[in-house]
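Peer 1: Chains as they are written, first to last, in my numbering: chain D, 197 to 535; chain E, 197 to 535.
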DNA sequence: ATCGCTTTCTTAATCGATTAAGTACATTAT
DNA sequence: ATAATGTACTTAATCGATTAAGAAAGCGAT
């Protein structure tokens, strides 16, 4: 391994000079700096990240936290897109990505300890149980964090526009003539609370009365769970004409159930998803859904986290909301009639 | 930050003693060791990974390489499952995961340099262009590597059973009475070569003559590309009765195309995918496909890599093949008749 | 000639942990 | 009584990089 010592010997200068030259310090002459840079390149020098991290207390490494328990693991298209965009933005800014988890081999540690152990400069909390004390500890620590789809006090967060998204979906469905709209929502997280409140408010604004049995709880990203709720809806004496699902993946579970009842989409039942993952637009019929801008959220999360890391003095916590867009798709039938 | 120095002061021993006690060295008395461990716990001591990595030349960190250019990025369900299982197995064994990419901020480096810079103990090469000189450099370096679905000489690799998988699919489709079988395959990687060879061999063994225009090239995981090839197949004077797709996701592109022609699955056209991602079994009809055991591949990759890292002396390169299984699904129509 | 001021470099300490080599003391063997 | 052995520590160097503080040399001004 080539170190600055090798370069210093080759150039006949001290190690300090090499370090300064490579970091562009002011008190090194142009010629010396050039000679050192060229020698470094010729020898194939690479800085040692561990040594640097030790000395600087900065690792140029940010943690990403996905707690799989919440059903929002890496394998879900929505989250993997976020991961990918966090990764590429972080890399663009010179940071690597490490996963933060509970426990590492024999060592048992919580998220905060794991992040400290790896001296992460900051952590993106992408999907987690925000009630978990271990998450709260991390988000209250001195380690900079950015949360996605949840806000801690005095912390930066990137939020998707759940209120507007839900409103857009309801208004769209309403504009197609639907009045009996069912809403299968996810478990009661802050995201669900926003969507649910927005659903109710928008329905009220449109003068719709939604019977309580039209509002049902399922589990996010779990087709089986939403399938069961779909079955329950179909068993009602007065069926809805349209079902809103917690997310695109959950819709697939509903789809199976509708098939089983011999109901076609959108002929016999209209449906809409949420998330707007690429898959939703590959399917036929294309799913009517609301696209959450995962790429943008990931990018913003990485950007703001690194901004906070690099300019701690001028930094102030921000809550950024990223706008999505309605993807009309073909799964909401036009019932005609204006009212 | 609590360091061994703090513990040594609190316990009235030298730093060396603390280090040895915490690492279970033999020349520390039981009582002292116990006292040190307790003090460490009380003070909330955490080892500093950077200091350790610097001194030991071991980081307990393994790199994972996904080059997105190949279309096998993190967002694809098959690869994200692999990533997830590599991650959890590595964590179980006490290793963290860092993504390895080309270029990091202003520093331009190749994969090998990146891995060295972070002093990764090893790298799992999960999806990459294996002809890329940068990949070859990494896989020829002193850094332990494990490749997925490709074998480098004298290196460990985890292979899925492409030959058997393809054979199983063809035999299954044949058993349902299909004789005019088209095969849309991915771009010409080593995986494609194996599948293609197996396809041809199995067809020959079954006495099937496949016209060359039934064998077409698309791009892996690209629904649009396979949609185009599907269209080309449908334009043939003598259409196939069954289309095999490069992967499950590509099938979706074909599906859209079939819909556009008013063809139903499997009534008017039989199809099969490859990969067996969870999505394929949520769809209705359930996709006939061959499940690659991504979880197992990831787990084995991590396990073998770490074995190689920790026991370099007894280590020998291995090529492990992980068996998948046929998922019959409902997209291959039974044409009846035995011959 | 001397002082002050730059410019350009070096010295030496430091980050936190590990470990070979050394020391002090007690115990056992001869 | 002396040597040999073992136990339980400490000392000090080391990993590779950074940086405050110091030093040497050059230059102009007085």
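Glycine is no exception: its CB is placed at the ideal position from the N, C-alpha and C atoms. Since we're looking at a predicted model, the values are computed, not measured.
Which runs of the beta strand (DSSP E) fall wholly inside the segment 225-301 of chain E and span at least 3 residues, in chain order?
Peer 2: 257-262 and 292-296
Peer 1: Quick check: the Cα distance between residue 530 of chain E and residue 436 of chain E, rounded to an integer number of angstroms?
Peer 2: 14 Å
Peer 1: Since residue 356 of chain E and residue 472 of chain E are thought to touch, with beta carbons under 8 Å apart, how far apart are those beta carbons, to the nearest angstrom?
Peer 2: Not a contact, Cβ separation roughly 11 Å.
Peer 1: According to a CB-to-CB cut-off of less than 7 Å, which residues of the segment 246-261 of chain D neighbour chain E?
Peer 2: 246, 247, 249, 250 and 255
Peer 1: So residue 259 of chain E packs on residue 342 of chain E, CB below 8 Å; how close in whole Å?
Peer 2: Their Cβ separation, rounded to whole angstroms, is 11 Å, which puts residue 259 of chain E and residue 342 of chain E out of contact at 8 Å.
Peer 1: Let's test the definition: count the other Cβ atoms within 10 Å of the Cβ of residue 237 of chain E and tell me whether it reaches 16, buried, or not, exposed.
Peer 2: That one is exposed.
Peer 1: Once the 5 residues before and after residue 208 of chain E are set aside, which same chain residues still bring their CB inside 6 Å of it?
Peer 2: none
Peer 1: In this structure, how does DSSP classify residue 212 of chain D when only helix, strand and coil are distinguished?
Peer 2: The three-state reading of DSSP puts residue 212 of chain D in helix, counting H, G and I together.
Peer 1: Please list the partners that residue 294 of chain D has in chain E, where partner means a Cβ-to-Cβ separation under 7 Å.
Peer 2: 292, 293 and 294
Peer 1: Residue range of the alpha helix (DSSP H) that residue 500 of chain E falls in?
Peer 2: 490-506
Peer 1: Run the CB neighbour count on residue 350 of chain E, radius 10 Å, all protein chains shown included, and call it buried at 16 or more, exposed below.
Peer 2: exposed
Peer 1: Looking at the secondary structure, which residues open and close the alpha helix (DSSP H) in which residue 432 of chain D lies?
Peer 2: For residue 432 of chain D, no alpha helix (DSSP H) run applies, since DSSP gives it neither H nor E.
Peer 1: Output the residue ranges of the beta strand (DSSP E) runs that lie fully inside the segment 505-531 of chain E and measure 3 residues or longer, sorted by chain position.
Peer 2: List check, beta strand (DSSP E) in window: 515-518 and 521-523.
Peer 1: Are the C-beta atoms of residue 451 of chain E and some chain D residue less than 8 Å apart?
Peer 2: Cβ-Cβ to chain D under 8 Å: yes for residue 451 of chain E.
Peer 1: Strictly by DSSP, which residues pair up with residue 401 of chain E?
Peer 2: Paired residue(s): none; residue 401 of chain E is not in a bridge.
Peer 1: Around the Cβ of residue 391 of chain D, are there at least 16 other Cβ atoms within 10 angstroms (buried) or fewer (exposed)?
Peer 2: With 16 or more other Cβ atoms within 10 Å, it is buried.
Peer 1: By how many angstroms is the C-alpha of residue 240 of chain E removed from the C-alpha of residue 382 of chain E?
Peer 2: 53 Å
Peer 1: Are three or more beta carbon pairs between the segment 473-481 of chain E and the segment 266-282 of chain E nearer than 8 Å?
Peer 2: As far as the Cβ criterion goes, the segment 473-481 of chain E touches the segment 266-282 of chain E, which means the pair count is three or higher.
Peer 1: Can the beta-carbon of residue 374 of chain D be found less than 8 Å from the beta-carbon of residue 271 of chain D?
Peer 2: It is not a contact, given that the beta carbons lie outside the stated cut-off.
Peer 1: Less than 8 Å between the beta carbons of residue 313 of chain E and residue 337 of chain E, yes or no?
Peer 2: Contact flag unset, no.
Peer 1: Determine the extent of the alpha helix (DSSP H) in which residue 370 of chain E is found, giving its start and end residues.
Peer 2: 358-371
Peer 1: Step through the CB atoms of chain E and report whether any lies within less than 8 Å of the CB of residue 455 of chain D.
Peer 2: yes
Peer 1: Report the neighbours of residue 480 of chain E on chain D: residues whose CB is nearer than 9 Å to its CB, in chain order.
Peer 2: 448, 451, 452, 454, 455 and 456
Peer 1: Since residue 277 of chain E meets chain D, which of its residues come closer than 9 Å, beta carbon to beta carbon?
Peer 2: 270 and 271
Peer 1: Reducing DSSP to helix, strand and coil, say where residue 395 of chain D ends up.
Peer 2: helix
Peer 1: So which residues on chain E does residue 280 of chain D lean against when the C-beta distance must stay under 7 Å?
Peer 2: 269, 270 and 271
Peer 1: Measuring straight from C-alpha to C-alpha, what distance separates residue 346 of chain E and residue 486 of chain D?
Peer 2: 39 Å
Peer 1: Rounded to whole angstroms, what's the CA-CA distance from residue 299 of chain E to residue 263 of chain E? Just pull it up for me.
Peer 2: 12 Å
Peer 1: Measure from the alpha carbon of residue 201 of chain E to the alpha carbon of each residue in E/222, E/463, E/517 and E/243, then state which is nearest.
Peer 2: E/243
Peer 1: In three-state DSSP terms, what is residue 388 of chain D?
Peer 2: Correct three-state label for residue 388 of chain D: helix.
Peer 1: According to DSSP, residue 381 of chain D sits in a beta bridge with which residue or residues?
Peer 2: D/413
Peer 1: Give a yes or no on whether the minimum CB-CB distance between residue 315 of chain E and chain D is below 8 Å.
Peer 2: yes
Peer 1: Nearest-angstrom Cα distance between residue 334 of chain D and residue 410 of chain E?
Peer 2: 57 Å
Peer 1: Does residue 187 of chain D come out as helix, strand or coil in the three-state DSSP assignment?
Peer 2: Given a span of 197 to 535 for chain D in the structure shown, any question on residue 187 of chain D remains unanswerable.
Peer 1: Does residue 297 of chain E have its Cβ less than 8 Å from a Cβ in chain D?
Peer 2: yes
Peer 1: From the DSSP output, read off the bridge partner residues of residue 343 of chain E.
Peer 2: Beta-bridge analysis with DSSP links residue 343 of chain E to E/321 and E/353.
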